[in-house]
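See structure below.
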Amino acid sequence: MDGLNEYRTARVAEILSDFRTLQYYIAAAPVDPPNTDDYYTEGWAALRQCAIDGQHILNCAADVTVPQASGEAEQERAELKQILLDAYARRHEAQKIYLRQAAAQRWVEYRERVLQGHRPSSSHRRQLRACDDQLRSELSQITDEAIYQELQTSDIGMGRWAAEDPSLRAVQRWVRARPQTT
Numbered sequence: 554m555d556g557l558n559e560y561r562t563a564r565v566a567e568i569l570s571d572f573r574t575l576q577y578y579i580a581a582a583p584v585d586p587p588n589t590d591d592y593y594t595e596g597w598a599a600l601r602q603c604a605i606d607g608q609h610i611l612n613c614a615a616d617v618t619v620p621q622a623s624g625e626a627e628q629e630r631a632e633l634k635q636i637l638l639d640a641y642a643r644r645h646e647a648q649k650i651y652l653r654q655a656a657a658q659r660w661v662e663y664r665e666r667v668l669q670g671h672r673p674s675s676s677h678r679r680q681l682r683a684c685d686d687q688l689r690s691e692l693s694q695i696t697d698e699a700i701y702q703e704l705q706t707s708d709i710g711m712g713r714w715a716a717e718d719p720s721l722r723a724v725q726r727w728v729r730a731r732p733q734t735t
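In the working numbering, the protein residues as written are 554 to 735.
So, in structure tokens, the structure goes:
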């Protein structure tokens with residue numbers, strides 16, 4: 554026994570709390586535009602996809618396969634490490650969804666400023682294209698590597714115990730093992 558199971562348990566609780574908070578924000582974001590003509594625009598499509606992705610990451614089953622260890626404390630350690638990976642990967646994906654949602658919500662705000670309550674017309678074309686380009690640019694910057702680093706930096710900055718956090722590759726493997734069926 555290495556005496557770290559209390560730290561592992563606390564770490565899982567912190568990450569699950571973060572995940573719950575992110576899920577709250579993801580679920581609260583709008584998915585339908587006030588004007589149905591805007592339904593298929595890039596930003597609104599991104600917001601709907603974020604809602605679907607958020608529901609998927611919430612609903613996907615946990616991996617309950619844990620290697621058998623010798624002794625009760627070692628078995629608890631193995632189980633906690635598996636739970637940590639599950640929670641960590643869910644938080645990672647939720648953060649990615651949340652950032653994509655935030656970019657899409659900024660797109661909605663920019664678009665509303667451009668249109669000022671009017672319907673899109675040829676006079677808005679250049680500015681609306683700039684809004685779409687900005688959204689695409691922001692979405693392209695939301696990478697697994699950037700999110701992993703951001704969360705790691707935040708955790709360390711808050712003084713959280715991160716000594717056994719899963720690697721980015723382990724998180725990516727976890728995500729790939731849970732393909733979306735919708």
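Even for Gly, the Cβ is constructed at its ideal location relative to N, Cα and C.
query: Taking the C-alpha atoms as reference points, what is the distance between L640 and R573?
result: Residue mapping note: residue 640 aligns to position 87 of the sequence shown, counting from 1. Residue mapping note: residue 573 aligns to position 20 of the sequence shown, counting from 1. Checking the sequence shown, residue 640 turns out to be Ala, not Leu. Those two C-alpha atoms are separated by around 10 Å.
message: Does the beta-carbon of I650, which I'm using as the reference point, lie nearer than 7 Å to any heavy atom of the ligand FAD?
response: No copy of the ligand FAD appears in this structure; indeed no ligand is present at all.
task: Could you tell me whether the stretch 610-624 touches the stretch 562-570, where touching means 3 or more Cβ pairs closer than 8 Å?
output: no
message: Restricting to Cα atoms, I'd like to know which of S676, V619 and R672 is closest to T589.
response: In the sequence shown, residue 589 corresponds to position 36, counting from 1. With distances taken between Cα atoms, T589 lies closest to R672.
task: Could you tell me the boundaries of the alpha helix (DSSP H) in which S570 lies?
output: Position 17 of the sequence shown holds residue 570. It spans N558 to A581 - the alpha helix (DSSP H) in which S570 sits, taken as one unbroken run.
message: If I measure Cβ to Cβ from D591 and keep anything under 6 Å in the same chain, skipping five residues before and after, which residues do I get?
response: On the sequence shown, position 38 is the one that residue 591 refers to. Cβ neighbours of D591 beyond the five flanking positions: W597.
Cut-off 8 Å between Cβ atoms - residues of its own chain near R630, not counting five sequence neighbours on either side: Sequence index remark: in the sequence shown, residue 630 carries index 77 (1-based). Excluding sequence neighbours, R630 sits near M554, D555, L557, N558, R561 and A622.
field: Backbone secondary structure at V667 - three-state DSSP
entry: Taking the sequence shown and counting its residues from 1, one reaches residue 667 at position 114. The answer is helix: DSSP assigns V667 an H, G or I state.
field: Nearest residue (CA-CA) to C645, options I579, T706 and D697
entry: Position 92 of the sequence shown, counted from the start, is the residue given in the question as residue 645. Inspection of the sequence shows that residue 645 is occupied by His rather than by Cys. Here the closest residue by C-alpha is D697.
- request: Out of I700, R666, A626 and A604, state which residue places its alpha-carbon closest to the alpha-carbon of R722.
  value: Residue mapping note: residue 722 aligns to position 169 of the sequence shown, counting from 1. The shortest C-alpha separation from R722 is found at I700.
- prompt: Buried or exposed: D585, going by 16 or more other Cβ atoms within 10 Å of its Cβ?
  reply: The residue labelled residue 585 in the question sits at position 32 within the sequence shown. Counting Cβ neighbours within 10 Å, D585 comes out exposed, since fewer than 16 surround it.
- prompt: So, is T706 buried or exposed, given that buried needs 16 or more other C-beta atoms within 10 angstroms?
  reply: Counting from 1 along the sequence shown, the entry for residue 706 is found at position 153. Flag for T706 reads exposed.
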